[in-house]
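Chains as they are written, first to last, in my numbering: chain V, 1 to 492; chain Y, 1 to 492.
To keep things clear, I will list the structure first and then write my remarks on it.
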């Protein structure tokens with residue numbers, strides 16, 4: 001391990017970048033804006049995938065796989081969607097390389113291998129999927145279609161940051177087709193709720209469920225539900241979205257069905273997705289100046305055991321005990337690693353596991369053997385305690401639950417303390433500037449006001465919370481009437 | 001269900017194509033050569049993935065993720081590899097679309113958004129991965145690196161067929177780095193053996209493990225291990241490969257390490273992969289003229305229960321019994337579906353489950369309730385029997401094991417009956433023409449002879465089996481001396 005991380009107070013953004021790399025989560029690649037997700041980072045993503053996949057299947061969805069490429073003619077069919085993504089598309093134009101006659105050993109694009117129609121590397125898959133659904137749907141009996149896809153997508157972003165905004169990212173995208181508007185709307189809400197449950201129960205990350213304003217909606221959606229989380233620097237992060245697409249894609253791709261009355265009608269649609277961006281959200285919600293902090297439900301190793309020994313004899317005895325504890329914990333479904341490397345000293349191991357956010361560290365030395373104890377260190381509180389060896393597996397089981405809960409509550413307190421109601425634009429700017437977080441304010445409902453506030457403060461409307469109460473007021477910016485508050489914030 | 005499948009005898013190739021589509025496994029998409037994997041097909045692929053992933057982790061591998069794109073300069077670094085894939089690459093040249101000034105509502109590639117360096121959509125990831133490994137490896141302490149990636153890859157094939165050869169396909173690719181030649185060679189063998197175990201125990205598909213000849217090797221490999229399976233039409237199918245890459249990629253990307261003696265040395269490499277092509281192999285190994293036949297270990301539904309009833313009253317009582325059986329089976333870890341759709345008659349349900357290869361079908365009617373029996377139909381043998389209801393879950397458990405075994409043995413018999421030793425070129429051609437399968441023949445070891453045999457018969461050397469016995473002979477084609485036989489076949 002090299003020297004310490006930059007602290008959050010010194011430079012939050014630098015702290016994040018360093019942490020991602022030093023904790024072995026991901027790194028930049030030779031391809032502009034594309035990342036390499038390293039094994040430790042990928043193991044966390046796999047845990048997210050497994051739980052989300054379980055939740056999708058439990059709510060009746062099946063996985064499938066659609067092509068990586070979208071022919072340009074399909075891409076442009078739904079105009080708003082196309083317009084929304086046209087400026088950030090990777091475009092395949094050729095299908096062959098040839099030896100470069102001018103440069104021995106080098107290749108060049110074969111000019112004779114130009115595609116008749118360009119292919120867009122999917123930035124999202126509505127177009128290719130709805131073009132496919134057309135052939136799958138004739139009657140109401142073919143509905144609903146409830147499909148999810150795990151895939152990579154590409155959006156040619158100019159400013160990229162590991163996990164938060166990368167040119168290629170991994171995600172899941174659900175695409176569903178329904179008989180009625182109300183069924184599709186219910187699906188979009190349901191999946192947003194699945195995301196919220198996952199974020200809170202699994203990632204220990206509190207989120208606000210809400211609706212996006214028109215200007216922040218997904219291109220091609222009639223309504224976008226979202227979950228918004230708050231990072232420790234007071235900036236909001238959109239962690240997942242679920243779109244009610246109306247009949248827009250059905251109309252663009254001519255997907256009609258015979259309803260129960262035998263009449264032809266356009267199909268209603270939703271789409272919803274979360275991505276490796278969640279890794280960024282996870283990191284920034286819980287981590288501290290010592291490195292990553294992981295909720296036990298997402299930790300590749302929930303427990304590490306580190307032997308403290310001076311000679312081979314001690315090591316042998318300690319290893320016996322450690323292996324016994326490890327197998328006991330595994331029997332309870334707890335993931336545990338016995339870190340018996342002889343290439344590293346205990347101090348270096350401690351530092352590494354701290355940096356990598358292992359929830360519990362168990363140290364066992366010769367004195368512990370004498371006393372029938374072990375030392376347990378919690379990553380979330382950075383506290384240590386000596387506990388009896390004979391009750392260790394239940395102690396650990398309880399501690400893991402406690403950590404999961406503690407991380408959620410800590411993040412929830414922070415979040416709740418950073419929702420500030422303001423009633424004037426001066427107050428609005430002052431809170432944004434000095435405190436950060438969500439600013440709850442009245443807004444007149446116009447794009448124009450939203451845009452002007454953004455220009456002047458860099459804050460955007462993160463969402464109109466689903467549980468917002470009706471409250472007559474006046475817009476903090478324009479003074480025009482407003483029916484309820486909305487949440488503004490600077491955002492990732 | 002529409003009309004029957006074309007039979008294998010009528011037109012094997014047509015039978016395959018129809019089966020894939022009618023059994024709802026996959027279909028062609030709007031993108032040339034790219035397929036849509038439908039939920040039922042994808043559920044089978046997910047089962048393959050889960051088992052392979054378990055086996056990879058059990059042998060010490062971790063998953064990670066590397067970029068989809070390979071910059072041209074990296075792509076061409078390992079010359080043989082580059083040459084091997086240059087003719088079938090999808091190439092990204094631009095990163096933005098713009099409104100087409102000549103066609104309202106249409107988009108065109110923005111000529112100002114040309115990439116400085118073209119990006120190749122990965123046909124395989126050695127180049128991007130070895131360029132990354134360079135930064136990860138300094139000393140022998142950093143080795144071995146044992147990484148696998150689940151990903152999509154693109155090879156611009158001209159003639160495509162669902163699952164067997166598609167422009168985009170899903171696969172896993174292992175990429176490992178080692179201190180010594182022998183360790184890398186052992187890894188390549190180990191992973192080929194993992195593939196063989198998976199194919200035989202899980203897919204019930206017998207395979208021959210062998211080495212490829214130079215002309216059939218992976219571009220950039222020094223040795224390619226493979227598993228070769230035999231399809232029912234007598235053609236071989238390469239089902240997985242594992243490559244010993246020597247120091248080729250380490251040299252191309254300058255990946256050196258300090259060995260235990262403190263000297264700098266190039267790292268030794270392997271790579272290995274299986275793909276959605278295995279779906280094609282699975283289908284063609286077991287299926288029949290009635291449709292798909294699935295080994296129980298890969299069946300999304302191992303058992304379906306179909307109620308036979310004339311009135312609502314019968315349906316209620318039967319459903320009660322069916323649900324009880326279903327939950328008993330689920331308790332044993334058996335996947336079961338109670339097909340209680342009221343939109344389909346029992347005959348149609350039977351036909352669908354037969355077409356989709358469900359291993360066991362349980363029918364329950366009013367008479368069964370009276371007699372305390374059910375009817376069980378086996379998909380592999382197409383036989384039915386009446387069994388006692390009270391022992392049903394153990395009966396089914398045993399039957400599933402029996403089916404798994406029976407499918408393997410059936411395929412093994414077929415395969416073993418289709419390995420024919422020949423000692424003259426006339427015999428060679430006659431066996432290929434009239435019987436098909438593997439032809440075991442002496443070969444002089446030259447590319448030239450291999451090439452000529454291919455030209456005249458379309459047969460290639462599938463492999464030099466690992467367990468081949470030394471046997472002095474003469475080449476069937478050239479009459480030159482040979483040390484052992486090799487296996488020829490026409491292949492997919």
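Idealized CB from N, CA, C, for every residue including glycine.
None of these values were measured; they are calculated from a predicted model.
- Against chain Y, a Cβ distance below 7 angstroms from residue 484/V picks out nothing, because the smallest value is about 37 angstroms.
- Taking a contact to require three or more Cβ pairs closer than 8 angstroms, the region 480–487 of chain V and the region 9–27 of chain Y do not qualify as touching.
- One alpha carbon belongs to residue 64/Y, the other to residue 217/V, and they sit about 32 angstroms apart.
- Per the C-alpha coordinates, the member of 141/Y, 71/Y and 134/Y positioned closest to residue 118/Y is 71/Y.
- The continuous stretches of alpha helix (DSSP H) do not include residue 338/Y, which lies in the beta strand (DSSP E) extending over residues 336–338.
- Annotation for residue 131/Y: 74, 77 and 253 place their beta carbon closer than 8 angstroms to its own, counting only its chain and skipping 5 residues before and after.
- By the criterion of at least three beta-carbon pairs nearer than 8 angstroms, the region 325–344 of chain V is in contact with the region 382–401 of chain V.
- Put simply, the CB of residue 337/Y is far from chain V, with every gap to its CB atoms at 7 angstroms or more.
- Rounded to whole angstroms, residue 85/V and residue 219/V show a C-alpha spacing of 8 angstroms.
- Residue contact check for residue 62/Y against chain V: a CB pair falls below 7 angstroms.
- In the three-state scheme derived from DSSP, where H, G and I count as helix and E and B as strand, residue 484/Y is classed as coil.
- Secondary structure note for residue 130/Y: its alpha helix (DSSP H) is the uninterrupted segment 126–136.
- Within 10 angstroms of the beta-carbon of residue 325/Y lie 16 or more other beta-carbons, which makes it buried.
- Per the coordinates, the alpha-carbon of residue 234/Y lies some 21 angstroms from the alpha-carbon of residue 468/Y.
- Not a single CB atom of chain V sits nearer than 7 angstroms to the CB of residue 52/Y.
- In the pairwise beta carbon analysis, the region 345–355 of chain Y is classified as not touching the region 366–373 of chain Y: fewer than three pairs are separated by under 8 angstroms.
- The beta carbon of residue 56/V does not come within 7 angstroms of any beta carbon belonging to chain Y, so the residue lies off that interface.
- Less than 7 angstroms divides the Cβ of residue 238/V from the Cβ of residue 228/V.
- DSSP places residue 163/V outside both helix and strand once states are collapsed to three, so it counts as coil.
- Looking at the DSSP output, residue 244/Y sits in a beta bridge with 223/Y and 270/Y.
- For residue 460/Y, the three-state secondary structure derived from DSSP is strand.
- Between residue 33/Y and the set 263/Y, 280/Y, 157/Y and 24/Y, the nearest pair of CA atoms involves 157/Y.
- For residue 39/V, the neighbours in chain Y by C-beta distance under 8 angstroms run, in chain order, 62, 63, 64 and 147.
- Against residue 121/Y, the close residues of chain V are 68, 92 and 121, in the order they occur along the chain (beta-carbon pairs closer than 8 angstroms).
- Within chain V, no C-beta atom comes nearer than 7 angstroms to that of residue 357/Y; the closest sits roughly 17 angstroms away.
- Taken through DSSP and simplified to helix, strand or coil, residue 49/V comes out as helix.
- In the DSSP assignment, residue 150/Y falls outside any alpha helix (DSSP H) and within the unbroken beta strand (DSSP E) covering 145–154.
- The C-beta distance from residue 270/Y to residue 184/Y rounds to 5 angstroms, short enough to fall under 8 angstroms.
- Annotated as distal: residue 275/V and residue 191/V, with beta-carbon spacing of 7 angstroms or more.
- Under the three-state reduction of DSSP, residue 65/V is assigned to strand.
- A distance below 8 angstroms between beta-carbons, with the five flanking residues on each side excluded, links residue 404/V to the following residues of its chain, in chain order: 204, 295, 296 and 297.
- Shown here, residue 306/Y sits in a strand according to DSSP, grouped into three states.
- Interface annotation for the region 263–284 of chain Y against chain V: empty, criterion Cβ-Cβ distance under 7 angstroms.
- For residue 125/Y, there are no neighbours in chain V by C-beta distance under 8 angstroms, as the nearest C-beta there is about 11 angstroms away.
- At a cut-off of 7 angstroms between beta carbons, residue 8/V makes no contact with chain Y.
- For the region 154–176 of chain Y, the beta-carbon criterion of a distance under 9 angstroms to any beta-carbon of chain V is satisfied by 154, 156, 167, 168 and 170.
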